[in-house]
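J.:
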Amino acid sequence: MTTHDPQHHASAAEASGDDNVVYLPATSTDNGVVETEIVDDTEARQVEPSARATFNTHLIPDEARARMASGAVELSHRAAPAAKTGGKALVRHGAYVVSGAVVVAQRVWEAHTNSRYERLLRAAEASGDWDKLAEWEQRAEQARERRHRRAMDWLDAPVKLVKTALLGAVSVAGFFLAVGVMLALANGDARLLLAPLGWLLDGIGWAYWFALAYGVLLVYGGTAALVAYLWRVGRDHGSWQPAWLSNPAEQGADLVVLDEDSITRALSNCHVTALNRALKAGAVVEYLVHPREQGGGTYTQVRLPLGVKAADFLHPERIETLAGNLGRHKHEVYPQRLPDGDARVLDLWVADRGTMDKPAPAWPLLAEGEFDVFRDRLPWGVTMRGEQVAQGMLHRHVFFGALSKQGKTATMRRDALGLALDPTVELRIADLKGDGDWSMFAGRARTLIEGGGEQQAAETCLMLDELVAEMQRRYDTKRAMGIKGNITRELSRRPGSGFHPIYCFIDECQVLYQADHPIGGTAKDARAWKAARRIHDQARAVNIHLYQATQRPDPSAVPFQVREGAHVRACLHVANHEAAKMVLADAADRGARPQDLRSGKDAGTVVAAGEVDDIPEGQAFIIVRSHYVGTQEAYTVINRAMDILAAHGRTVDQAEPDALLEPRDLLTDLATVLEDAGMPRMRTQEVLQRLAELAPATYREWTFTDLRAQLADTAAAPYKSDGVMVIAAVRIQEAITDRDRQNNDAT
56 MTTHDPQHHA SAAEASGDDN VVYLPATSTD NGVVETEIVD DTEARQVEPS
106 ARATFNTHLI PDEARARMAS GAVELSHRAA PAAKTGGKAL VRHGAYVVSG
156 AVVVAQRVWE AHTNSRYERL LRAAEASGDW DKLAEWEQRA EQARERRHRR
206 AMDWLDAPVK LVKTALLGAV SVAGFFLAVG VMLALANGDA RLLLAPLGWL
256 LDGIGWAYWF ALAYGVLLVY GGTAALVAYL WRVGRDHGSW QPAWLSNPAE
306 QGADLVVLDE DSITRALSNC HVTALNRALK AGAVVEYLVH PREQGGGTYT
356 QVRLPLGVKA ADFLHPERIE TLAGNLGRHK HEVYPQRLPD GDARVLDLWV
406 ADRGTMDKPA PAWPLLAEGE FDVFRDRLPW GVTMRGEQVA QGMLHRHVFF
456 GALSKQGKTA TMRRDALGLA LDPTVELRIA DLKGDGDWSM FAGRARTLIE
506 GGGEQQAAET CLMLDELVAE MQRRYDTKRA MGIKGNITRE LSRRPGSGFH
556 PIYCFIDECQ VLYQADHPIG GTAKDARAWK AARRIHDQAR AVNIHLYQAT
606 QRPDPSAVPF QVREGAHVRA CLHVANHEAA KMVLADAADR GARPQDLRSG
656 KDAGTVVAAG EVDDIPEGQA FIIVRSHYVG TQEAYTVINR AMDILAAHGR
706 TVDQAEPDAL LEPRDLLTDL ATVLEDAGMP RMRTQEVLQR LAELAPATYR
756 EWTFTDLRAQ LADTAAAPYK SDGVMVIAAV RIQEAITDRD RQNNDAT
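Just so you know, this note's numbering puts 587 at position 532 of the sequence shown, and the rest follows in order with no gaps.
(1) Cβ of Glu-525 within 7 Å of any heavy atom in the ligand MG?
(2) Using the beta-carbon count (16 or more within 10 Å), is Leu-381 buried or exposed?
(3) Residue range of the alpha helix (DSSP H) that Ser-776 falls in?
(4) Is it true that the CB of Ile-678 sits closer than 8 Å to the CB of Met-495?
(5) Comparing alpha-carbon positions, which option in Arg-719, Val-400, Tyr-263 lies nearest Val-363?
(6) Which runs of the beta strand (DSSP E) spanning at least 3 residues fall entirely within the region 490-524, listed in chain order?
(7) Leaving out five residues before and five after Arg-589 in sequence, what residues of the same chain have Cβ atoms less than 6 Å from its Cβ?
(8) Spatial neighbours of Ala-790 within its chain, please: C-beta separation below 8 Å, excluding the five flanking residues on both sides.
(9) Classify Arg-607: buried if its beta carbon has 16 or more other beta carbons within 10 angstroms, exposed otherwise.
(10) In whole angstroms, give me the CA-to-CA distance for Asp-800 and Val-597.
(11) The alpha helix (DSSP H) with Thr-464 in it runs from where to where?
(12) Leaving out five residues before and five after Ala-784 in sequence, what residues of the same chain have Cβ atoms less than 6 Å from its Cβ?
(13) In chain order, which continuous runs of the beta strand (DSSP E) of length 3 or greater are located wholly inside the region 313-371?
(14) Given a threshold of 16 other Cβ atoms within 10 Å of its Cβ, counted over all protein chains shown, does His-628 qualify as buried or as exposed?
(15) With H, G and I counted as helix, E and B as strand and the rest as coil, what does DSSP make of Gly-409?
(16) Count the CB pairs spanning the region 480-489 and the region 552-567 that are closer than 8 Å, and state whether there are at least three.
(17) When you compare the CB positions of Leu-567 and Thr-532, do they come within less than 8 Å of one another, or not?
(18) If the criterion is Cβ atoms closer than 8 Å, does the pair Asp-402 and Gln-674 meet it?
(19) Quick check on Thr-605: does DSSP put it in helix, strand or coil?
(20) With 16 other CB atoms within 10 Å as the buried threshold, where does Ala-40 fall?
(21) What does the Cβ neighbour count give for His-572, buried or exposed, with the cut at 16 atoms within 10 Å?
(22) In terms of residues, what are the limits of the beta strand (DSSP E) holding Phe-780?
(23) Under the three-state reduction of DSSP, which class applies to Leu-145: helix, strand or coil?
(24) If we ignore side chains and look at the alpha-carbon of each, how far apart do Leu-255 and Val-236 end up?
(25) What residue does the beta strand (DSSP E) around Phe-454 start on, and which one ends it?
(26) Measuring alpha carbon to alpha carbon, tell me which residue in Asp-208, Pro-251, Ala-333, His-591 is nearest Gly-229.
(27) Provide the residue span of the beta strand (DSSP E) that contains Gln-391, from first to last.
(28) Sort Ala-702, Gly-620, Gly-436 by Cα distance to His-450 and report the nearest one.
(29) Using the rule of at least 16 other Cβ atoms within 10 Å of the residue's Cβ for burial, across every protein chain shown, is Met-207 buried or exposed?
(30) To the nearest angstrom, how far is the alpha carbon of Val-76 from that of Arg-133?
(31) Within 10 Å of its beta-carbon, does Asp-477 have 16 or more other beta-carbons around it, so buried, or fewer, so exposed?
(32) DSSP three-state call for Thr-739: helix, strand or coil?
(33) Within the same chain, show all residues whose beta-carbon is closer than 8 Å to that of Met-518, passing over the 5 residues directly before and after it, in chain order.
(34) Just to confirm the assignment, what range does the beta strand (DSSP E) spanning Val-679 have?
(35) Within this structure, are the beta carbons of Asp-668 and Gly-447 separated by less than 8 Å?
(36) How many angstroms separate the CA atom of Gly-396 from the CA atom of Glu-442?
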């Protein structure tokens with residue numbers, strides 16, 4: 056006789072050799088009576104197959120078991136890096152708390168001892184700065200005296216504390232008792248005499264209850280705040296972290312906040328022997344400008360120890376080492392020398408990670424707005440921080456350089472589009488590539504040359520010669536009119552004045568300067584470079600400007616004389632330091648590195664130097680992410696420019712100078728002024744004012760020196776009367792008579 060015992064079935068399975076049978080354990084469902092049937096062994100063997108069919112339904116094939124094992128191994132392999140990284144991150148962040156506690160302890164120790172002054176004294180002595188040494192000795196002695204006074208005060212502190220506590224308690228009790236007296240008198244109830252004291256006791260009881268009820272939360276909250284503070288201090292200022300706790304990617308991500316300690320460590324690990332020797336001797340890196348946010352990154356200015364030059368950190372290999380030490384890529388770190396500073400002062404700007412990848416916003420003048428070259432600054436783009444960069448366009452020649460496909464043409468064309476929105480501006484354009492990048496200016500430009508052949512080069516040279524002739528005409532007219540200084544806005548914008556702003560754009564200018572002689576080349580009689588140099592030297596004073604761009608920034612493509620005349624130099628990505636120096640001149644030796652911009656990825660990013668309005672004070676260059684205006688968008692801007700031109704009643708062909716600018720006769724104008732005033736003589740200050748009202752284009756900028764110089768050889772020269780300088784009508788008539796007599800004698 057047998058029962059359905061699992062052990063019995065297991066032994067039976069072993070006996071039968073069936074290893075795939077899985078038996079469910081026997082469990083009791085309740086404590087009630089179970090009806091069973093007693094069977095013999097023969098009947099049990101007949102029942103057993105049906106029992107197996109009932110309980111052994113989940114048989115796992117070998118293939119499934121293999122897949123499950125493989126999946127478990129793969130899951131383990133995938134989870135291992137995450138577990139390792141997570142464990143390292145947990146330990147690292149815990150180390151931040153410990154490191155923060157060490158930093159705070161060091162700060163407290165330095166605040167209560169003379170250790171900081173002793174360190175500074177050693178540094179001053181090591182650097183040989185005896186003035187600093189004397190100053191720190193004096194400060195250290197003063198600090199010791201203050202600490203001694205505080206220590207003596209602590210000896211009397213317990214007695215003073217007890218006295219203060221007793222006085223405070225008596226004062227509070229007296230105050231509440233006085234309140235009780237007033238309440239009792241006011242209400243005629245003596246029971247109110249001690250009521251305020253009861254309120255005080257109730258308040259003390261409530262405070263005790265609150266401390267019991269919420270004290271734990273306050274303790275936990277304060278502890279959490281303290282841990283968070285220590286974590287932040289350790290992360291930003293701690294110097295201890297084992298190498299095994301982080302990988303290079305984590306190090307770069309963690310080193311976002313830059314301070315004096317991290318920058319000093321980075322500089323000291325750039326393999327500059329003189330700096331390392333000075334630091335070991337106790338010298339320090341002096342921070343003239345403490346690290347601060349600027350331009351989408353961190354800016355600082357340091358004075359290096361004696362014997363160390365800022366130029367030591369401008370070598371490409373050291374720049375790359377410095378960038379790695381700061382957790383940045385090479386194109387994100389820009390050390391430079393101060394243009395006017397001593398050789399030990401190093402400027403350093405470090406971009407925030409990812410700053411260089413942000414696109415510039417849309418051009419503000421893309422959809423609406425006019426432009427005035429005298430009053431407005433043209434939007435160029437934004438800094439790495441996103442701050443708007445705008446540039447004055449008047450009286451500046453500009454030179455662009457870059458490799459092909461880096462945004463050079465679009466950047467210079469944006470300037471031309473902005474100028475086209477001023478109805479008084481005349482544009483003359485030569486596109487010596489001829490790929491349609493400038494075709495939208497066909498209706499707006501007075502001259503548009505497209506193509507890269509010899510004929511187009513000859514036409515461009517002729518355009519420059521015409522500008523030289525126009526420049527000379529303007530100088531002759533200006534001299535005849537007696538105009539001093541710059542052309543005024545009023546005169547420039549007057550229709551027919553002949554002094555309207557002219558802007559000449561030459562894209563791919565290397566085609567012009569490499570043309571056959573006598574147009575191109577660097578010979579003394581080469582026409583192109585001589586005309587460009589004359590424009591650079593003299594034209595901006597009469598509102599004529601030259602913009603040039605090249606994709607071959609090397610001396611053989613663009614003559615030295617042409618490049619040196621540019622007031623603003625803008626360089627996009629170039630191949631090497633030599634090309635960068637050709638475009639940016641000395642700025643390339645002071646830290647400007649357009650060669651480190653990424654080809655294609657940084658297209659449109661400009662390193663600008665020279666007369667750029669928004670270059671930060673004391674720096675040699677600025678990095679600008681340029682506003683981009685596509686070719687189709689440029690057509691829309693030009694259509695708007697033509698509407699603006701029509702609204703102001705102007706055409707593309709500027710009118711010839713009219714009679715308004717005929718040379719003035721000063722003696723006749725003086726006679727008119729005095730006659731209109733009905734005065735025999737007039738103070739020179741008033742004479743100048745009335746002349747400016749009579750002919751503002753000629754006399755607005757005149758001073759007493761100009762007036763006296765013009766009348767020096769005549770009888771009408773100013774003279775002193777009653778202590779003031781005057782001009783007399785009688786003398787003016789004498790001067791006119793003398794001039795007429797001389798003219799008659801000459802004829």
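C-beta atoms are modelled at their ideal positions from N, C-alpha and C, and glycine is treated no differently.
Given the structure is predicted, the values throughout are model-derived calculations rather than measurements.
T.: This is what the structure holds:
(1) Of the ligands one can find in the structure shown there are none, so the ligand MG has no counterpart to examine.
(2) So Leu-381 ends up on the buried side.
(3) Segment 774-776 is the beta strand (DSSP E) holding Ser-776; no alpha helix (DSSP H) there.
(4) No. Outside cutoff.
(5) That would be Val-400, whose Cα lies nearest to the Cα of Val-363.
(6) Runs of the beta strand (DSSP E) inside the region 490-524: 502-505.
(7) Annotation for Arg-589: Val-523 place their beta carbon closer than 6 Å to its own, counting only its chain and skipping 5 residues before and after.
(8) Once the five neighbours on either side are set aside, the close Cβ partners of Ala-790 are Leu-722, Leu-766, Thr-769, Ala-770, Ala-771.
(9) So Arg-607 ends up on the buried side.
(10) Rounded to whole angstroms, Asp-800 and Val-597 show a C-alpha spacing of 37 Å.
(11) Residues 463-475.
(12) Excluding residues within five positions, the ones whose Cβ falls inside 6 Å are Leu-729, Pro-735.
(13) Here the runs fully enclosed are 341-349, 352-358.
(14) Classification for His-628: buried.
(15) Three-state result, Gly-409: coil.
(16) The region 480-489 is in contact with the region 552-567.
(17) It is not a contact, given that the beta carbons lie outside the stated cut-off.
(18) Against a cut-off of 8 Å, the Cβ pair of Gln-674 and Asp-402 comes out as a contact.
(19) Strand.
(20) Nothing about residue 40 can be read from this structure; the chain reaches only from 56 to 802.
(21) Under this definition His-572 is an exposed residue.
(22) According to the sequence as given, residue 780 is Met; it is not Phe. Counting along the chain, the beta strand (DSSP E) containing Met-780 begins and ends at 779-783.
(23) The answer is helix: DSSP assigns Leu-145 an H, G or I state.
(24) If I take the Cα positions, the gap works out to 15 Å.
(25) Looking at the DSSP string, the run of the beta strand (DSSP E) that includes Phe-454 is 453-456.
(26) The residue among Asp-208, Pro-251, Ala-333, His-591 with its C-alpha nearest the C-alpha of Gly-229 is Pro-251.
(27) Taken as a continuous stretch (DSSP letters only), the beta strand (DSSP E) holding Gln-391 covers 388-392.
(28) For His-450, the nearest C-alpha among the options comes from Gly-620.
(29) Label assigned to Met-207: exposed.
(30) Residue placement at Val-76 is flagged as unreliable, the pLDDT there being 48, under the threshold of 50; a coordinate-derived value is accordingly withheld.
(31) By the neighbour-count rule (16 or more Cβ atoms within 10 Å), Asp-477 is buried.
(32) Note: Thr-739 maps to helix in three-state DSSP.
(33) For Met-518, where only same-chain residues beyond five positions count, the Cβ hits under 8 Å are Arg-483, Ala-485, Thr-502, Ile-504, Cys-559.
(34) Element bounds for Val-679: 677-681.
(35) Contact: yes.
(36) A direct Cα-to-Cα measurement between Gly-396 and Glu-442 gives close to 26 Å.
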